[in-house]
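First the structure, in the form of C-alpha cells, and then the observations on it.
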Amino acid sequence: MNREIYKIVMIFSLIIPIVFLDGCSSTRGKKSQIKVAAAAVKIDVSDTLALAGGITPRYPRGPADGPLRAQVIVITDGKNKICLGSCDVTVLRRSILDEIGHEVEAKYDIPFNNIMFAATHNHSAPIQTDWTDKSADQTVNNAVKKAIIEAIGLANEKLKNTEKSDHYFALGYATIGQNSRVIIDDTTILWVPLSNQYGYNRPTGPYDPQLPVLAFKDEQGSLEAIVFNHSTHNIDNPNNIQSPSFYGTASQEIEKELGGTVVFLPGAFGSTHVFSDPTTERIVRIKEGIKKAYAKTEKKDIHRLVSVKNEFGFKIRTFNEEEQEKLVSDYCSRYLGSKPEPTIKAFANRRHKLSLQSGNIQKTWIQVVLLGEIAFVGVPGELFGELGMEIKRQSPFRYTYIVGIANDYIGYLPTIGAFSLGGYQTWAGPCISEPGTGEAIVNETVRILNGLYQD
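In terms of the numbering used here, the sequence shown has 408 at position 407, counting the first letter as 1, and numbering is strictly consecutive.
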C-alpha cells in the first residue's frame with residue numbers, strides 16, 4: 002500500500018511542475034495588443050489676424066503658406082487609453098486645456114490624466130486672448146478648442162475599426178538650432194537674432210539635437226502615424242505671414258510622402274534657436290532627420306502603457322521694478338535700433354501684470370507618459386536645454402524625451418546659473434517663476450520616473 006502511494010506522489014510531483022511552468026511561459030510570452038489611430042484637423046481662423054510670438058503684435062503681409070492644425074494620436078492596449086497631441090499655436094494654457102480634457106474624457110472615454118497636449122510654440126500663429134477673460138474676443142481660442150476636440154474624436158472613432166498596430170522606434174538627430182544664449186565680450190547675453198549682428202565669443206550652455214521617431218503601422222504595414230520630438234524654437238524666417246512654421250510644414254510634407262499623420266512634440270527648447278538658416282533649409286533638415294530615423298526604425302513591443310499627471314506648485318517671482326526697468330531699457334536702447342520704446346513699453350506691461358500675482362503659489366501640471374520603454378515627460382513651459390538633458394541623464398528609462406508647453410504654459414524655465422548671467426529669458430515677464438523652479442521640475446519629474454520604474 003505504501004509503495005502504491007509513493008508511486009502516485011512521484012507521478013504528481015513530475016506532472017505539476019510541467020503544467021505550472023508551461024502556464025508561466027504562456028503568460029510571459031503574451032504581448033500587449035496595441036491599437037493606434039491618428040488624425041489632424043485644420044484650425045479654422047482668418048490668415049489676416051495679428052501674429053503672436055513677438056514682443057509686440059505683427060500683422061501678416063500676405064496669405065498663409067499652410068494650414069494651422071491640431072494633430073493627435075490615440076493609443077490603447079485594451080485597458081488603458083492615452084492621447085498625445087499638439088497644436089500649431091504659440092502657447093496653450095491650463096485654463097483651456099483642462100476644459101478640453103474634461104470634455105474629451107466625457108465624450109470619448111479617454112481619462113483626463115491620460116491626455117498630454119502641447120503647443121508647438123509656433124511663432125506664426127494668431128494671438129490668443131486669455132481664455133478666462135470672457136469679455137475678450139475668443140475667436141481664435143474657440144477655433145483651437147474645436148479643432149483639438151474634433152481631431153481627438155476622429156482618432157478615437159478610427160480606433161474602433163483598428164485591429165492591431167505595430168510600433169517602431171529609432172533615435173535620430175537633426176542639425177537645426179544651437180544654444181542661443183551667447184555671451185559677447187562685455188558679458189552681455191544677447192537676445193536672438195542679435196547675435197549675428199554683433200558677433201559672439203561662446204554659447205553659455207548646451208543644446209539637444211536628439212530626434213526620436215516613433216512610427217505606428219497597421220497589420221498590412223500601412224503607416225498610421227509618426228510621432229517625432231525635437232528641441233528648437235519653432236520660428237520661421239522671415240515670420241511675417243501665418244504659417245505652421247518649419248516643424249509644422251515639414252510634418253505636412255512628410256505626410257504627403259509617407260502617408261499617415263505626423264505629430265510633432267516640442268522638446269526642451271527654452272535656450273535653443275536657429276540663428277540664420279532660412280525656413281526652407283530648416284524644413285529640409287528636419288525632414289531629412291525624420292526620414293533617416295524612420296528608415297532605421299526597429300519594431301518594439303509596448304508592454305506597458307501608463308500615464309501619470311501630477312499637480313505641481315510653483316511660486317510667482319518677486320522682483321524690483323526699478324532694476325528690471327533699467328535692465329530692459331538699457332538693453333533695448335543699446336541693441337534694438339532707433340525705436341526701442343514699443344518693446345520697452347511691452348515689457349513694462351508684462352511686469353505690471355506679473356506684479357499683481359507676485360509671491361502667489363500657482364498650480365500647473367507635470368506628466369509622464371510611458372509607451373513601453375519610451376518615456377515622454379510633459380513640462381509646462383520653455384524648459385532650458387540643460388535641464389531637459391538633466392532629466393534624460395537621471396531617468397531610469399533609456400529612452401526619455403521632454404515635451405515642452407505640455408498641458409500649460411508658465412513661461413521660460415531657466416537654470417539657476419542663467420539668472421546670474423542675465424539675458425532676455427530671465428527677465429521678469431518672459432520668466433514668471435522664481436529661480437530654482439526649473440530644477441524643482443527636474444526633481445519632481447525624476448521622482449515620477451523612478452516611481453514608474455520601480456513599479
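In this text, a Cβ means the ideal position worked out from N, Cα and C, and glycines have one as well.
Curious, which full-length alpha helix (DSSP H) runs of at least 4 residues does the segment 366–453 contain? The DSSP assignment places 386–395 and 417–422 as complete runs of the alpha helix (DSSP H) inside the segment 366–453, in order along the chain (cut-off: 4 residues).
Do the segment 341–361 and the segment 91–109 touch if we need at least three Cβ pairs shorter than 8 Å? With the rule of 3 Cβ pairs closer than 8 Å, the segment 341–361 does not count as touching the segment 91–109.
What ranges does the alpha helix (DSSP H) occupy inside the segment 132–199, keeping only unbroken runs of at least 4 residues that lie completely in it? As far as the segment 132–199 is concerned, its whole alpha helix (DSSP H) runs of at least 4 residues are 140–161 and 196–199.
Residues sharing a beta bridge with residue 262, DSSP: In the sequence shown, counting from the first residue as 1, residue 262 sits at position 261. Beta-bridge partners assigned by DSSP to residue 262: 226.
Are the Cβ atoms of residue 269 and residue 384 separated by less than 8 Å? Counted from its first residue, the sequence shown places residue 269 at position 268. Counted from its first residue, the sequence shown places residue 384 at position 383. Yes, they are a contact pair.
Looking at residue 153: is its Cβ nearer than 8 Å to the Cβ of residue 105? Walking along the sequence shown from the start, residue 153 turns up at place 152. Walking along the sequence shown from the start, residue 105 turns up at place 104. Contact flag set, yes.
Spatial neighbours of residue 129 within its chain, please: C-beta separation below 6 Å, excluding the five flanking residues on both sides. As a first step, residue 129 is located in the sequence shown; it is residue number 128 there, counting from the start. Closer than 6 Å at Cβ, skipping near neighbours: 141 and 142.
Are the segment 310–320 and the segment 431–439 in contact at 8 Å, needing three or more beta carbon pairs? Between the segment 310–320 and the segment 431–439, the count of C-beta pairs closer than 8 Å reaches three or more; the two stretches touch.
Please work out which residues of its chain come closer than 7 Å, Cβ to Cβ, to residue 195, disregarding the five sequence neighbours upstream and downstream, and give them in chain order. Along the sequence shown, one-based indexing puts residue 195 at 194. Correct list, in chain order: 336.
At the level of alpha carbons, what is the spacing between residue 232 and residue 414? Taking the sequence shown and counting its residues from 1, one reaches residue 232 at position 231. Taking the sequence shown and counting its residues from 1, one reaches residue 414 at position 413. Cα-Cα distance, rounded: 14 Å.
Could you tell me whether the segment 163–178 touches the segment 204–223, where touching means 3 or more Cβ pairs closer than 8 Å? They touch, by the three-pair rule.
Tell me, please, which residues DSSP counts as bridged to residue 204. Stepping through the sequence shown from its first residue, residue 204 is reached at position 203. According to DSSP, residue 204 bridges with 183.
Exposed unless 16 or more other CB atoms sit within 10 angstroms - verdict on residue 237: Start at 1 with the first residue of the sequence shown, and residue 237 comes out as number 236. Residue 237 is classed as buried because its beta carbon has at least 16 other beta carbons within 10 Å across all chains shown.
Just checking, does the segment 394–407 make contact with the segment 109–127 on the three C-beta pairs under 8 Å criterion? The answer is yes - the segment 109–127 touches the segment 394–407, with three or more Cβ pairs under 8 Å.
Quick check: the Cα distance between residue 102 and residue 189, rounded to an integer number of angstroms? What you label residue 102 is simply residue 101 of the sequence shown in a count that begins at 1. What you label residue 189 is simply residue 188 of the sequence shown in a count that begins at 1. Their Cα atoms are separated by approximately 43 Å.
Inter-residue CB distance, residue 208 and residue 386 (contact presumed, cutoff 8 Å): Taking the first residue of the sequence shown as position 1, residue 208 is located at position 207. Taking the first residue of the sequence shown as position 1, residue 386 is located at position 385. About 5 Å separates the beta carbons of residue 208 and residue 386, which is inside the 8 Å limit, making them a contact pair.
Euclidean distance between Cα positions of residue 448 and residue 137: Stepping through the sequence shown from its first residue, residue 448 is reached at position 447. Stepping through the sequence shown from its first residue, residue 137 is reached at position 136. Taking C-alpha positions only, residue 448 is separated from residue 137 by approximately 39 Å.
Would residue 81 pass as a contact of residue 309 if the rule is Cβ separation under 8 Å? For this step, residue 81 is matched to residue 80 along the sequence shown. For this step, residue 309 is matched to residue 308 along the sequence shown. In this structure, residue 309 does not lie closer than 8 Å to residue 81 by Cβ.
Contacts around residue 305, its chain only, beta-carbon distance under 7 Å, and the 5 residues preceding and following it disregarded: The count along the sequence shown starts at 1 and reaches residue 305 at position 304. So the list reads 371 and 373, once near-sequence residues are dropped.
Best match in 58, 245 and 198 for proximity to residue 43 [C-alpha to C-alpha]: As a first step, residue 43 must be located in the sequence shown, where it is residue number 42. It is 245.
Distance, Cα to Cα, residue 86 vs residue 213? What you label residue 86 is simply residue 85 of the sequence shown in a count that begins at 1. What you label residue 213 is simply residue 212 of the sequence shown in a count that begins at 1. Roughly 16 Å separates the two Cα atoms.
Starting from residue 101, trace the alpha helix (DSSP H) both ways and give me its first and last residue. For this step, residue 101 is matched to residue 100 along the sequence shown. 95–109 is the span of the alpha helix (DSSP H), which, as asked, contains residue 101.
Does residue 273 come out as helix, strand or coil in the three-state DSSP assignment? Residue mapping note: residue 273 aligns to position 272 of the sequence shown, counting from 1. Strand.
Just to confirm, are residue 157 and residue 75 a CB contact at a threshold of 8 Å? Position 156 of the sequence shown, counted from the start, is the residue given in the question as residue 157. Position 74 of the sequence shown, counted from the start, is the residue given in the question as residue 75. Residue 157 is a Cβ neighbour of residue 75, given a cutoff of 8 Å.
Taking 6 Å as the limit between beta carbons, can you name the residues of its chain near residue 240, skipping five residues before and five after? Position 239 of the sequence shown, counted from the start, is the residue given in the question as residue 240. Around residue 240: 124 and 125.
Do you know how far the Cα of residue 438 is from the Cα of residue 313? Looking up residue 313 in the sequence shown gives position 312. Looking up residue 438 in the sequence shown gives position 437. Across the structure, residue 313 and residue 438 are spaced so that their CA atoms are roughly 10 Å apart.
When DSSP labels each residue in this structure, what does residue 325 get in the three-state scheme? Numbered from its first residue, the sequence shown carries residue 325 at position 324. Helix at residue 325.
Could you name the residues of the same chain whose beta carbon sits closer than 7 Å to that of residue 226, not counting the 5 residues immediately before and after it, in chain order? The residue given as residue 226 occupies position 225 in the sequence shown. In its chain, beyond the 5 residues on either side, 37, 39, 74, 217, 261, 262 and 264 have a beta carbon closer than 7 Å to the beta carbon of residue 226.
Can you name, in chain order, every residue of its own chain whose Cβ lies under 8 Å from the Cβ of residue 248, other than the five neighbours on each side? Residue 248 sits at position 247 when you count from the first residue of the sequence shown. 121, 123, 231, 235, 265, 267 and 287, listed in sequence order.
Cα separation between residue 364 and residue 114? Looking up residue 364 in the sequence shown gives position 363. Looking up residue 114 in the sequence shown gives position 113. If you draw a straight line from the Cα of residue 364 to the Cα of residue 114, it comes to about 15 Å.
Between which residues of its own chain and residue 277 is the CB-CB distance below 7 Å, once the five residues before and five after are set aside? Locating residue 277 in the sequence shown gives position 276, counting from the first residue. These residues qualify, in order along the chain: 197.
Leaving aside the five residues before and after residue 329 along the sequence, list all residues of the same chain whose C-beta is less than 7 Å from its C-beta, in chain order. Counted from its first residue, the sequence shown places residue 329 at position 328. Scanning its chain for C-beta atoms nearer than 7 Å, with the 5 sequence neighbours on each side dropped, one finds around residue 329 the residues 345, 348 and 428, in chain order.
List the DSSP bridge partners of residue 70. Along the sequence shown, read from residue 1 onward, the residue named residue 70 stands at position 69. Note: residue 70 sits in a beta bridge opposite 43.
Could you check how far apart the C-beta atoms of residue 294 and residue 171 are, in whole angstroms? I think they sit under 8 Å. Residue numbering aside, residue 294 sits at position 293 when the sequence shown is read from its first letter. Residue numbering aside, residue 171 sits at position 170 when the sequence shown is read from its first letter. Sure, about 5 Å apart at Cβ, within 8 Å.
Leaving aside the five residues before and after residue 350 along the sequence, list all residues of the same chain whose C-beta is less than 7 Å from its C-beta, in chain order. In the sequence shown, counting from the first residue as 1, residue 350 sits at position 349. Close CB contacts of residue 350 within its chain, under the 7 Å cut and outside five residues either way in sequence, are absent.
Mind checking whether residue 97 and residue 135 have CB atoms under 8 Å apart? Position 96 of the sequence shown, counted from the start, is the residue given in the question as residue 97. Position 134 of the sequence shown, counted from the start, is the residue given in the question as residue 135. Against a cut-off of 8 Å, the Cβ pair of residue 135 and residue 97 comes out as no contact.
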